[in-house]
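Inspection log for the structure reproduced underneath, given as structure tokens.
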Amino acid sequence: MQNANNFRRIMRLPEVIEATGYRRASIYNLMKTGKFPRARSIGARAVGWDSQEIHNWITERLDAAQ
26 MQNANNFRRI
36 MRLPEVIEAT
46 GYRRASIYNL
56 MKTGKFPRAR
66 SIGARAVGWD
76 SQEIHNWITE
86 RLDAAQ
């Protein structure tokens, strides 16, 4: 059985902001430089992020800070 935190899903921007502590502009600037997971198109005018990629990005930052 998978833990709820390991369930792979689409995260929308407000959830990514809450999880990372970064604001919209910072997230898009980091994506532009290749330092943040890329958003993916999920509809005509909607994007989302892979929750697993966001979780891995956060884990890498925390591990590097130790």
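The numbering of the sequence shown is the numbering used here, which starts it at 26 and goes up by one. Positions of the beta carbon are idealized from the N, C-alpha and C atoms, including for glycine.
{"query": "Length of the line joining the Cα atoms of Ile67 and Gly73", "result": "6 Å"}
{"query": "C-alpha gap between Arg49 and Ala90, whole angstroms", "result": "23 Å"}
{"query": "Arg65 in three-state terms, based on DSSP", "result": "strand"}
{"query": "Beta-carbon proximity list for Arg63, same chain, < 7 Å, skipping 5 on both sides", "result": "Met56"}
{"query": "DSSP beta-bridge partners of Glu74", "result": "Note that residue 74 corresponds to Trp in the displayed sequence, not to Glu. Beta-bridge pairing links Trp74 to Met36."}
{"query": "Arg86 - DSSP class collapsed to helix/strand/coil", "result": "helix"}
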